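*Asks:* Structure below; questions to follow.
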Amino acid sequence: MTAAPALPLRSAASEVQAWELWALAGLVGFTLLATLLDEAGATFHANLIAPLWLAGVLCAGALQAVQRQPLALWTGLFWMRLSTAVYFGIGSVAHRFMNETTLNALHDFFAASETELARFNLLAAVCSLVILGTVVLAAQLWPQRLVEPRQTDERLMLIAAFLFGLPGFATKYLVIFPNAMGAFGEDAVLPGVLTQLVWLAPVSTFLFVSWTLRHRANWLLPLSALVLLDAFFGFLRFSKGEALLPILMLVLAILQHRFTLKRAVIAVLVLVAVFPILQSTTAAGRAELIARYGTIRSASFGERLEILGGILADGPQDDQEEFQGALIRIAYVHAAAPAMAMYDAGQPGDSLSYVPLVAIPRLLWPDKPIFDMGQSYTELLTGSDTSSTWMGYFAEAYWNLGWLGVPAVMIPLGLIFFATGRYTLWTLRNGEWLHFPAVFLGLYMGARMDGLIAGDVAASALTILLVYPVARIATPMLCELIGSQPPPLARAPQ
Numbered sequence: 084m085t086a087a088p089a090l091p092l093r094s095a096a097s098e099v100q101a102w103e104l105w106a107l108a109g110l111v112g113f114t115l116l117a118t119l120l121d122e123a124g125a126t127f128h129a130n131l132i133a134p135l136w137l138a139g140v141l142c143a144g145a146l147q148a149v150q151r152q153p154l155a156l157w158t159g160l161f162w163m164r165l166s167t168a169v170y171f172g173i174g175s176v177a178h179r180f181m182n183e184t185t186l187n188a189l190h191d192f193f194a195a196s197e198t199e200l201a202r203f204n205l206l207a208a209v210c211s212l213v214i215l216g217t218v219v220l221a222a223q224l225w226p227q228r229l230v231e232p233r234q235t236d237e238r239l240m241l242i243a244a245f246l247f248g249l250p251g252f253a254t255k256y257l258v259i260f261p262n263a264m265g266a267f268g269e270d271a272v273l274p275g276v277l278t279q280l281v282w283l284a285p286v287s288t289f290l291f292v293s294w295t296l297r298h299r300a301n302w303l304l305p306l307s308a309l310v311l312l313d314a315f316f317g318f319l320r321f322s323k324g325e326a327l328l329p330i331l332m333l334v335l336a337i338l339q340h341r342f343t344l345k346r347a348v349i350a351v352l353v354l355v356a357v358f359p360i361l362q363s364t365t366a367a368g369r370a371e372l373i374a375r376y377g378t379i380r381s382a383s384f385g386e387r388l389e390i391l392g393g394i395l396a397d398g399p400q401d402d403q404e405e406f407q408g409a410l411i412r413i414a415y416v417h418a419a420a421p422a423m424a425m426y427d428a429g430q431p432g433d434s435l436s437y438v439p440l441v442a443i444p445r446l447l448w449p450d451k452p453i454f455d456m457g458q459s460y461t462e463l464l465t466g467s468d469t470s471s472t473w474m475g476y477f478a479e480a481y482w483n484l485g486w487l488g489v490p491a492v493m494i495p496l497g498l499i500f501f502a503t504g505r506y507t508l509w510t511l512r513n514g515e516w517l518h519f520p521a522v523f524l525g526l527y528m529g530a531r532m533d534g535l536i537a538g539d540v541a542a543s544a545l546t547i548l549l550v551y552p553v554a555r556i557a558t559p560m561l562c563e564l565i566g567s568q569p570p571p572l573a574r575a576p577q
């Protein structure tokens, strides 16, 4: 049996520091005062200060968490801080750095006034405070019992990588990828279980890379080449997420193997440099598909290679060269502000009504609604159904319930981040690798603060609830099969 020393025992990283709450409370007071004053000059300056204040607090909190416990890199709360800082902090001032071409495109969607920007900045600050405050309160009510982690059998990591990789990559390349090219028809709707199975592919990538770094470091180069090939196929789908995710798993595995602040900074700089390239290329590819076929679910593998080759060879067109896609991609305040305005005008949304429907399999309900409400929302605002834009968790809660949506949605969300954070630390410190899909989904929920509550939070939380008992039962069986010491059943997330 090959065993590796367990990770060192440290205090939990899922809890929040008191200074973060005080800083966010001060931000709420500042934005509330600016909103109540309703004076043009004060509102303008507050709309510059408040988003950067929010981004600074959340980024500093995330950095402190990972310095105290490197495994915090995998918690949903860590990624909630970062994604909120990017989308609703930096993104809320992004329009001030846009050129005329990009700003006109943004205003074609919705031109938010300074007053509307101020109200969303207040909403973002309050929601962030409620989420982090909920985590603090939960940590007080359920303090973590720090127990020494056990020695782990590294073979379990490799076996889990294969067990997850087989269905994950099979689903990705035999179902999801052909469906993206229209192989099953433009209107094909895949069962939710398949869209969840595909997440096993990046889980497998992380586990393979982690095992290689620990035991076969000379294999890292060819394995990295395979990861980049996987990312390239995502690139052919003209999907930023599909292209970035394999690379992100590779980077996270390297960071976790030997975390240093220098490595983390380099990784962030590389991702920041790559993102605008991916943004412009995927946007151009999608535009070409729509121009040729009227839909992005089209074009064969060869045609997509031709389109991609043409984009890379010719470079961006004049209008695309001026278009700052990376900035407009993070300017979510202009997607959130109209939702808040519609609720205030007596036109609330009903997207939260989809949450209970998540538990019903599409196989039992073939006509189950599709959770891509971003297309309907975009059509509602612009009259166009060729793209999909959403507002994120904060504005969705407000669009459905007004200010009541803040406690109604953000308190459960904070509890989810608290619980999945504890689950993550337990899984990684004890080498419970069959539970790792739950770790990934917890991270995913935090990173998708721009997403749908039903499709991204409820569906992921339900899957995590299914993963835990299955992994709990399967782990001792797998250990017995390979002659390894099974983990004690009493050792559960605390």
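Residue numbers for the sequence shown follow our numbering, so the first one is 84 and each next one is one higher.
Glycine included, each C-beta is placed from N, C-alpha and C at the ideal position.
Owing to the predicted nature of the structure, the values given are computational and were not obtained by experimental measurement.
(1) From residue 356 to residue 335, what distance separates their C-alpha atoms?
(2) Classify residue 560 as buried or exposed, calling it buried when 16 or more other Cβ atoms lie within 10 Å of its own Cβ.
(3) Please identify the residue among 237, 181, 189 whose C-alpha is closest to the C-alpha of residue 517.
(4) Less than 8 Å between the beta carbons of residue 124 and residue 416, yes or no?
(5) Taking the beta carbon of residue 371 as the centre, do at least 16 other beta carbons fall within 10 Å, making it buried, or is it exposed?
(6) What whole-angstrom Cβ distance do residue 192 and residue 365 have, given they're in contact under 8 Å?
(7) Please report how far the alpha carbon of residue 205 lies from the alpha carbon of residue 413, in whole angstroms.
(8) Helix, strand or coil for residue 98? Go by DSSP, reduced to three states.
(9) Quick check on DSSP: helix, strand or coil for residue 451?
(10) Is the beta carbon of residue 374 closer than 8 Å to that of residue 423?
(11) For residue 523, name the three-state secondary structure that DSSP assigns.
(12) Just reading off the alpha helix (DSSP H) that residue 329 is part of, what are its end residues?
(13) Inspect the CB distances between the segment 437-450 and the segment 204-223 and report whether three or more fall short of 8 Å.
(14) Report the CB separation of residue 361 from residue 328 in whole angstroms; it is logged as a contact under 8 Å.
(15) Enumerate in chain order the residues of its own chain whose CB-to-CB distance from residue 301 is below 7 Å, with the five nearest sequence positions on each side excluded.
(16) Under 8 Å between the Cβ atoms of residue 286 and residue 500?
(17) Assuming residue 535 and residue 473 are in contact, meaning their beta carbons sit under 8 Å apart, how far apart are those beta carbons, in whole angstroms?
(18) From the DSSP output, in three-state form, read off residue 375 for me.
(19) Label residue 421 either buried or exposed according to how many other C-beta atoms from any shown protein chain fall within 10 Å of its C-beta, with 16 as the threshold for buried.
(20) Excluding the five sequence neighbours on either side, which residues of its own chain have a C-beta within less than 7 Å of the C-beta of residue 100, listed in chain order?
(21) Expressed to the nearest angstrom, what Euclidean distance is found between the alpha-carbon atoms of residue 167 and residue 508?
(22) Are residue 253 and residue 290 closer than 8 Å when you measure CB to CB?
(23) Distance, Cα to Cα, residue 369 vs residue 305?
*Replies:* Taking the structure as given:
(1) The count along the sequence shown starts at 1 and reaches residue 356 at position 273. The count along the sequence shown starts at 1 and reaches residue 335 at position 252. Cα to Cα, the separation comes out at about 17 Å.
(2) By 1-based counting over the sequence shown, the position of residue 560 is 477. Exposed, by the Cβ-count rule.
(3) Position 434 of the sequence shown, counting from 1, holds the residue named residue 517. The residue with the shortest Cα to Cα distance from residue 517 is 237.
(4) Position 41 of the sequence shown holds residue 124. Position 333 of the sequence shown holds residue 416. No, Cβ-Cβ distance for residue 124 and residue 416 is not below 8 Å.
(5) Here the question's residue 371 lines up with position 288 in the sequence shown. Residue 371 is buried by the Cβ-count criterion.
(6) Position 109 of the sequence shown, counted from the start, is the residue given in the question as residue 192. Position 282 of the sequence shown, counted from the start, is the residue given in the question as residue 365. The pair is not a contact, with the Cβ atoms about 18 Å apart (cut-off 8 Å).
(7) Numbered from 1 along the sequence shown, position 122 holds the residue referred to as residue 205. Numbered from 1 along the sequence shown, position 330 holds the residue referred to as residue 413. Each residue's Cα considered, the two are about 18 Å apart.
(8) Start at 1 with the first residue of the sequence shown, and residue 98 comes out as number 15. Judged by DSSP in its simplified three-state form, residue 98 adopts coil rather than helix or strand.
(9) Position 368 of the sequence shown, counted from the start, is the residue given in the question as residue 451. DSSP places residue 451 in coil when its eight states are reduced to three.
(10) One-based indexing of the sequence shown puts residue 423 at position 340. One-based indexing of the sequence shown puts residue 374 at position 291. Taking 8 Å as the Cβ cut-off, residue 423 and residue 374 do not qualify as a contacting pair.
(11) In the sequence shown, residue 523 corresponds to position 440, counting from 1. If DSSP states are grouped into helix, strand and coil, residue 523 belongs with the helices.
(12) Counted from its first residue, the sequence shown places residue 329 at position 246. From DSSP, the alpha helix (DSSP H) with residue 329 extends over 323-340.
(13) no
(14) Counting from one through the sequence shown, the residue named residue 361 turns up at place 278. Counting from one through the sequence shown, the residue named residue 328 turns up at place 245. No, residue 361 and residue 328 are not in contact; Cβ-Cβ is about 11 Å, not under 8 Å.
(15) Indexing the sequence shown from 1 puts residue 301 at position 218. Setting aside the 5 residues that flank it on each side, residue 301 has no residue in the same chain whose C-beta is closer than 7 Å to its C-beta.
(16) To locate residue 286, count along the sequence shown from 1; it is residue 203. To locate residue 500, count along the sequence shown from 1; it is residue 417. No, these two residues do not count as a Cβ contact at 8 Å.
(17) Within the sequence shown, residue 535 is the residue found at index 452, counting from 1. Within the sequence shown, residue 473 is the residue found at index 390, counting from 1. About 6 Å separates the beta carbon of residue 535 from that of residue 473, a gap short enough to meet the 8 Å contact definition.
(18) Taking the first residue of the sequence shown as 1, we reach residue 375 at position 292. If DSSP states are grouped into helix, strand and coil, residue 375 belongs with the helices.
(19) As a working mapping, residue 421 is identified with position 338 in the sequence shown. Buried is the call here.
(20) As a working mapping, residue 100 is identified with position 17 in the sequence shown. Excluding positions up to five away in sequence, the list reads 144, 147.
(21) As a working mapping, residue 167 is identified with position 84 in the sequence shown. As a working mapping, residue 508 is identified with position 425 in the sequence shown. Using only the alpha carbons, I get a separation of about 22 Å.
(22) One-based indexing of the sequence shown puts residue 253 at position 170. One-based indexing of the sequence shown puts residue 290 at position 207. Between residue 253 and residue 290, the C-beta spacing is not below 8 Å.
(23) By 1-based counting over the sequence shown, the position of residue 369 is 286. By 1-based counting over the sequence shown, the position of residue 305 is 222. In a straight line, the C-alpha of residue 369 is about 31 Å away from that of residue 305.
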